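Notes follow the structure.
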Amino acid sequence: MQHIDTKSHLRGESLYLDDIPMVRGTLFGVVYPSPVAHGRIRSLQLDDALAMPGVVRILTYKDIPGRNQIGGIVPDEPLMAEHEVHFHGMPIAFVVAETDEQARAAIKKIQVDIEPLPVITDPRQAKALGNLIVPPRTFKIGDSTGAFKNCAYIASGRADSNGQEHLYIETQGAYALPLEGGQVRVYSSTQGPTAVQRHAADVLGISMSQVEVDVKRLGGGFGGKEDQATAWAVFCALAAYLLQKPVKYSLHRMEDMRMTGKRHPYSSDFTIGLDKDLNILAYEVCFYQNAGASADLSPAVMERTLFHCTNSYYIPNVTATAYSCRTNLPPNTAFRGFGGPQGMFVIESAIAQIAEQIGVHPSRIQEKNLIRTGHEFPYGQIAQSQAPACWDKACRHFDAKRMMEEVAQFNRNNVLCKKGISFMPICFGISFTKTLMNQARALVHIYTDGSVNISTGAVEMGQGVSTKLIQVAASVFSLPAEQIRINSTNTYRIANTSPSAASATADLNGKAVELACNALKGRLTDMASRILQKDISSIHFRGGQVYVHDAATELNWKGLVQAAYVNRISLSEHAHYATPDIHFDSSIEKGHPFAYHVYGTAITTVTVDTIRGTYQIDAVKIVHDTASSMNRMIDKGQIEGGLVQGIGWMTMEEIVFDQEGRLRSNALSTYKVPDIYSVPGIIDVEFHETDEDNLAIFRSKAVGEPPLMYGIGTYFALRMALKAFNPSGEIGFDAPMTPEKMLMGLYQKKSS
Ligand code: LUZ
Ligand code: MOS
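Quick note: to get the numbering used here, add 1267 to the position in the sequence shown (first position is 1).
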């Protein structure tokens, strides 16, 4: 089935937040952001701004009727600064005017006097000062200290990975309307409608039952709207509530880039130990996460870093510690992979380092240590592994041996260009790491004309979840997809939703839809059995027709639905799904947190221009563990898109903050994302299809985040090419590998 939005996207007819027809009298809000990264507010001068044409009101924290607080996990994030500012871009005031332009002109007239405080942007420095968001956590299996004594090879080092701007095409924004009786309706470009509802209620000092949040679709989220869509929505809700007028705020790109958090940069130290047969015996790692100025989702992101610190490998002795460090950057947040990629980058760096030391290709070590079914992850879950199967299939299907030989031969024959090849196995756990979040609900109505209408907590952000949900209903009812519609995501229809995140949205909401549809189907089957005077077990639905065994009857879907209505049988169902069998005990850091894992292997080849430091990615060849894909076209799109986003993070996307905590890479002129010219020449995706029994919807494994981590392979392929030119250069592990860094590395001399 084609993505249901294909036609409307192509024709520009899909509706986003900015396309919602505006009600007469709508006002426009703009945030006044802090001009410094850290300081004490001495005075705030609003009079000049208030005198500007069209300005209706300027809100500060003093206008908040409820709590000035939007922290999701830790209550450490005010909606608007009170006496201190903690990052450049932190909201101080909200200007409301008759037009967007007037509001934007007015913020230029606001004057704030801030006594500067020291600005910290480095997580190690923050840790040294004791500035932690939450206490550190350690995952431990075996005895790493003892195991190092039995190692033939040991390597230590440091690995750094930078942040990443989400760059959803649709910027953040919201539109709020006052309703009667102190209620508000908020249209928000959010992955988490319930988070918006909860915080809006809290800030306004009203109940959640008074806040309706509605989401049609997003023009991309990537995690950037899991937690950080909330502020803008709450600003609009607050202004609409106080002024009793509709209020809209749609962020400009540079505002969005400056004020919102990004993927967490990490700085990490590792030690890895191998026996003489290249078995990894021990691994110790310490992660310094740059959380930014408040917690946001950082503790959860840090947790997932620990879960994925051994990537796709079995290591019997591991000690992994993570610090979430408070700095004066915008609070960093969820980004596709959610800390997992950062953890995986470090173990891959460790393997690359020790491979260099031993003088083998890293793939020898990687292959040798792939996790197998029955092996235990450091957090206690026992693997049901497709890692060796994906690796072997990739080697066979793409003839990895020949690819390796071709690279070696090319490098023997060329000086001006060098090639590199890397292998990147992935392993990603599916479920929110916070067990309670793994629940979802669906509401399914069948109308008397036979048409079907579905509501769930899933947010469509381009990933195709709506299409998959329709597939679920169409399959259970055996109806053509056109007969099934999917509603906007709305907190009045579906309550207490988890955000659309963690790659789990289709699984959780799909299972709820399946349960609801099966309940309805049961009632309709019963009805058909009474009408046709046949045994229930003989009744089947096929293509909108009722069958008895294999014979079509006179009764069709619509007739059956009408009969059910006449007989006063409910044609609506609300179902609840909660992932079974998952649990985690954080007091011992052990459990079974994931419904299942997704595996895969990417083989990447690159060519580096050794004069210029520029490079191209020749090919990325992937075997991806889909189990039984329910939509190959959508899944392939996620795999290709995830890969390219991961490559961007590892190669060209370079976030730069200056010493004062100001974002210098604050526009598309200074922050480069992959375009059609920089994507791999070849992307070859082979589905690893199995009929393995799993907890995925229709056994079709989650696909949202895992493919991003294939992009890490590009970093290491580039490094191999660099080393082919300059074997003795000590270049460290510091992503992204921009062409500039590549050039420096190519001509770097060994220091000694
Ligand atoms: N969000 C979240 C996530 O709240 N918990 C998670 O475990 C998660 N994992 C991936 C992406 N978003
Ligand atoms: Mo996400 S990083 O699954 O919002």
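Here a beta-carbon is modelled for each residue, glycine too, at the ideal position from N, C-alpha and C.
Because the structure is a prediction, the values reported are computed rather than measured.
Rounded to the nearest angstrom, what separates residue i and residue j at their Cα positions?
| i | j | result |
| --- | --- | --- |
| H1850 | H1859 | 5 Å |
| M1728 | K1701 | 23 Å |
| V1682 | N1993 | 11 Å |
| R1334 | F1295 | 23 Å |
| V1260 | A1768 | It is not possible to answer for residue 1260, since the shown part of the chain is limited to 1268 through 2019. |
| I1408 | I1582 | 9 Å |
| K1529 | S1310 | 30 Å |
| F1406 | K1968 | 27 Å |
| E1953 | I1340 | 39 Å |
| N1546 | Q1633 | 9 Å |
| D1380 | V1352 | 11 Å |
| L1710 | A1773 | 15 Å |
| S1281 | I1271 | 11 Å |
| T1600 | N1417 | 40 Å |
| D1716 | L1518 | 42 Å |
| Q1477 | Q1450 | 5 Å |
| V1840 | V1739 | The question names Val, but residue 1840 is Glu in the sequence shown. C-alpha separation (whole angstroms): 15 Å. |
| S1755 | P1974 | 28 Å |
| A1370 | R1324 | 10 Å |
| S1534 | M2004 | 15 Å |
| S1837 | C1784 | 12 Å |
| A1818 | R1520 | 59 Å |
Can you tell me where the alpha helix (DSSP H) with residue i in it begins and where it stops?
| i | result |
| --- | --- |
| H1466 | P1460 to L1471 |
| S1839 | No alpha helix (DSSP H) contains S1839, which is instead part of the beta strand (DSSP E) from S1839 to A1845. |
| H1276 | T1273 to L1277 |
| H1664 | A1654 to H1664 |
| S1565 | S1565 to F1574 |
| A1373 | D1367 to I1374 |
| I1614 | G1607 to I1625 |
| V1828 | W1824 to V1833 |
| S1232 | As shown, the chain starts at 1268 and ends at 2019. That puts residue 1232 outside it, with no answer to give. |
| E1382 | Not the alpha helix (DSSP H): E1382 falls in the beta strand (DSSP E), residues Q1378 to P1383. |
| C1418 | Taken as a continuous stretch (DSSP letters only), C1418 belongs to no alpha helix (DSSP H), as it is neither H nor E. |
| K1902 | The sequence shown places Asp at residue 1902, not Lys. Its alpha helix (DSSP H) spans residues R1899 to T1918. |
| V1674 | A1667 to N1680 |
For the candidate residues the options, whose alpha-carbon lies nearest to that of residue i?
| i | options | result |
| --- | --- | --- |
| H1955 | V1970, G1811, S1945 and P1941 | V1970 |
| L1399 | G1999, Q1369, A1560 and I1582 | A1560 |
| Y1435 | D1389, T1412, E1493 and D1469 | E1493 |
| T1893 | Y1882, T1868 and R1879 | T1868 |
| F1574 | D1544, K1515 and P1645 | P1645 |
| E1368 | T1874, I1855, V1298 and D1544 | V1298 |
| Y1454 | G1490, A1426 and A1498 | A1498 |
| Q2015 | E2007, P2003 and I1998 | I1998 |
| I1922 | G1915, A1617, V1911 and S1932 | S1932 |
| N1823 | T1792, D1285, S1839 and F1602 | T1792 |
| M1357 | A1468, M1524, L1485 and T1756 | M1524 |
| D1315 | K1329, L1284 and Q1378 | Q1378 |
| Q1312 | V1875, T1327 and I1287 | T1327 |
| T1764 | G1724, H1466, N1961 and P1445 | G1724 |
| C1576 | E1365, A1562, Q1431 and C1553 | C1553 |
| G1796 | G1279, V1833 and L1827 | The residue asked about is misnamed: residue 1796 is Ser in this sequence, not Gly. Minimum Cα distance to S1796 is reached at L1827. |
| A1304 | M1475, P1598, L1637 and P1566 | P1598 |
| D1563 | G1880, T1527, V1813 and D1389 | T1527 |
| P1445 | C1503, R1391 and T1438 | C1503 |
Mind reading off the beta-carbon distance from residue i to residue j? Whole number of angstroms is fine, and I expect it under 8 Å.
| i | j | result |
| --- | --- | --- |
| M1704 | I1688 | With 8 Å as the limit, M1704 and I1688 do not qualify as a contact, their Cβ atoms being about 39 Å apart. |
| M1900 | F1965 | Contact doesn't hold; Cβ gap of about 15 Å is too wide. |
| Y1550 | P1403 | In fact, because the Cβ distance is near 17 Å, the residues do not count as touching under 8 Å. |
| S1698 | T1846 | 6 Å |
| P1692 | S1579 | 4 Å |
| R1307 | H1350 | 6 Å |
| Y1420 | I1621 | 6 Å |
| M1319 | A1373 | 4 Å |
| T1572 | G1610 | 4 Å |
Output the boundary residues of the beta strand (DSSP E) element that contains residue i.
| i | result |
| --- | --- |
| A1707 | Q1706 to I1713 |
| R1631 | Run containing R1631: none in the beta strand (DSSP E); it sits in the alpha helix (DSSP H), P1629 to K1635. |
| D1892 | Y1882 to A1894 |
| E1479 | V1478 to V1482 |
3 or more residues per run - each beta strand (DSSP E) lying fully within the region 1715-1757 | 1719-1723 and 1751-1753
At which residue ranges does the region 1291-1344 contain complete beta strand (DSSP E) runs of 3 or more residues, listed in the order of the chain?
-> 1294-1300, 1306-1312 and 1322-1326
Along the chain, which unbroken stretches of the beta strand (DSSP E) at least 3 residues long are found entirely within the region 1927-2012?
-> 1949-1956 and 2000-2002
Which runs of the alpha helix (DSSP H), 4 residues or longer, sit entirely within the region 1782-1811?
-> none
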